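Reading through the structure tokens given below for one structure.
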Amino acid sequence: MQDRRRDSTFVVLMRVTFFLVASVVGVVLLYMAGEEYGQSSSAFSRHREPAAPPRVFLKGTLRQVATGGTPPLCMVNHERYGSCGKTSCWKYFEGFTSSNAKLDVSWSSTPVGSEVDLASGFHYEPWTPPREVSDASRTAEWKLVARQNNLGFDEHQFRTGVDRVVEYCLPVGAEVYIQGCVAPDKPNLIRACPDESLYGVTSHGGDRQAVIDDAADLLARYVGGAGLAFLVAALVWLRPRRALATALEDRAAPHRRGLGAAWAILAVPPLLGFSVLLMHASRPPSSWSTGRGGFAFALSIFCVWLLFALSRLLERRRMLHALAPVLATPRSPLATASGTAELAVRARQRGEGLRAFIGDDVVAFSQIRIKEAYRSGKNTPVRECGVFTPSPELEVVDESGDGVLHLERSVLDVELRRVTLPQLSPRYAERGIVVDHHPSHVHFIVEEQVIKDGQPLYVLGDVSKLEMKTEGHGYRDVRGSPTLGGAGSAPVLVHAGDERGLIELLTRDARFANSYAVVAAMVCTGIGAALFALASL
């Protein structure tokens, strides 16, 4: 029978799987951030000053090459109405960019003419002009432009009510910032650079900083995503606090158990989200109008990691305080135990013992906890039906004598068995355990804590009664037989094992919490340094 205090093989495999997946996602996101920053086509490389010829930066206003035609610069998309999951929406089908523009140059990074032509292969950065749905005459114009340049938009692809054309155009007189290259064979033509497919157009009178800010925000989003993935990987191995450790804390000197004011850190992410909404209310050419969603997201993850680091440091301190009663209380033989006693004993089966509910073997002590899962709408919550102890007393012995543990109010760290049952078997009722069914009953979850005959136990509790027993004929043969726990006494703490094993267990948990805190501090430092570097761009 497996001890459910330890993870099953399936749970371990699931933990490993989630850890590996989350770690890989985090590494991939960091790789994408590094690639985005380092590649030659990134905004940081394209907008790096000074511009090396043939790359050039220009500012100016747009005008049409042919008056009365299409707008100077347009991005034109053919959209088709179709299924989007459970709803329907307009989806991109094909598209192209069109230039009918000359730029009246007001500034350039390297000398060019007072006016230059703009090629068709461009993209908007970071702002896209407002979308407009083309009417029938404009749609016909775009189809003609597409056919003349072999760009698609075939007539047979369009169906009434299902297909439409939308355009994102800059009007005559629009102030723009251009990043591109001078064509070697046409000095007055700006087109994409040799190692790039498109040149950049920044509208609303913006400049290179707006593009860099937007690119930095994208990298911050990658960094935040990696931080979130690594947080999931860390939480996969996080285990709930042992009930025994909490009970030991209750016997220690007063100390901090909560994060207190540190919980205020959780107020930062909502404030960051609200600030991003306010940023979008600003107007171009302010780069704040693109928002700082990536920075807000990464800073939110930074705050969560910081709170996680503080919680792990607090957990380490709490585990060390839980150790204090174990180290401070001297071990007592049963025969001389009094007051608060620390015992190293063995369980002794009383009579024929108890038949375990799970496993059907004979044990010295058994405690049953029954929970019921029930249907509530689409959810399956679990309620506790009760804790049942067939025989609350456990006899224990050591080399000096015997005693009794009253375990009806106790904290047990002993073998745990668990089983899920559609219905409780009749033997539960035969042994006095009756549970009412919920009207929307699904199944029962039965947990049983057992102590076997002869099992070594570490016990920490208060002696509530001392019975004197005589082994011989003289007064020197009288010894004590204590009872620990019971009504009015603090819960008895029972650990399956010895004092050394318990100390190693608590120390390991403290080291685990400390390691978490160190890792969290390193991640916080990494995220903070990355965001500072991106903000300085």
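The sequence shown begins at 1 in the working numbering and counts up one residue at a time.
C-beta: ideal position from N, C-alpha, C; glycine also.
This one's a predicted model, so the numbers in the text were calculated from it and none came from an experiment.
Per the C-alpha coordinates, the member of 27, 47 and 172 positioned closest to residue 66 is 172. Secondary structure at residue 492: strand, using DSSP grouped into helix, strand and coil.
Between the beta-carbon of residue 312 and that of residue 22 there is about 18 angstroms, and that puts the pair past the 8 angstroms contact cut. Fewer than three Cβ pairs drawn from the stretch 235-251 and the stretch 149-165 lie within less than 8 angstroms of each other, which leaves the two stretches out of contact. The Cβ atoms of residue 320 and residue 411 lie no closer than 8 angstroms to each other. A direct Cα-to-Cα measurement between residue 357 and residue 454 gives close to 19 angstroms. Contact between residue 446 and residue 421 holds: CB atoms are separated by about 6 angstroms, below the 8 angstroms threshold. The Cβ-Cβ distance between residue 440 and residue 383 does not fall below 8 angstroms. By a beta-carbon distance limit of 8 angstroms, residue 70 contacts residue 145. Their separation comes to about 7 angstroms. Three or more pairs of CB atoms, one per stretch, sit closer than 8 angstroms, so the stretch 397-413 contacts the stretch 481-496.
Just so you know, the alpha carbons of residue 537 and residue 295 end up roughly 13 angstroms apart. Between residue 268 and residue 363, the C-beta spacing is not below 8 angstroms. Taking C-beta atoms as the reference points, residue 354 and residue 390 count as a pair closer than 8 angstroms. Secondary structure at residue 174: coil, using DSSP grouped into helix, strand and coil. The beta carbon of residue 369 sits closer than 6 angstroms to those of 387 and 447, all from its chain and outside the five residues before and after it, given in chain order. Excluding residues up to 5 positions away in sequence, 491 lie with their Cβ nearer than 6 angstroms to the Cβ of residue 409 in the same chain. A Cβ-Cβ contact shorter than 8 angstroms links residue 298 with residue 227. At a Cβ-Cβ threshold of 8 angstroms, residue 130 and residue 203 do not count as neighbours. For residue 379, there are no CB contacts under 8 angstroms within the same chain when 5 residues up- and downstream are skipped. Ranking 377, 47 and 167 by CA distance to the CA of residue 181 puts 47 first. Per DSSP, the beta-bridge partners of residue 441 are 374. If you check the CB distance, residue 496 and residue 414 come in under 8 angstroms.
For residue 148, the enclosing alpha helix (DSSP H) covers residues 136-148.
By the criterion of a C-beta distance shorter than 8 angstroms, residue 284 is surrounded in its chain by 127, 203, 204, 205, 206 and 210, once the five residues flanking it on both sides are discounted. In the DSSP annotation of this structure, the continuous segment of the alpha helix (DSSP H) that includes residue 512 starts and ends at 499-535. Short of 8 angstroms from the beta carbon of residue 221, and not among the five residues preceding or following it, lie these beta carbons of its own chain, in chain order: 293, 294, 297 and 298. In the DSSP secondary-structure assignment, residue 341 is bridged to 461. The criterion of a C-beta distance shorter than 8 angstroms is satisfied by residue 259 and residue 314.
The shortest C-alpha to C-alpha distance from residue 467 to any of 262, 328, 480 and 255 is the one to 480.
Between residue 76 and residue 142, the CB-CB gap stays under 8 angstroms. Restricted to the stretch 21-90, the alpha helix (DSSP H) segments that are unbroken, complete and at least 4 residues in length are 43-46, listed in chain order. DSSP, read as helix, strand or coil, puts residue 315 in helix.
Residue nearest to residue 81 within the set 456, 93, 112 and 29 is 93 (criterion: CA-CA distance). Within the DSSP bridge table, the entry for residue 239 names no partner. Here residue 456 carries a strand assignment [DSSP, helix/strand/coil].
DSSP places residue 153 outside both helix and strand once states are collapsed to three, so it counts as coil.
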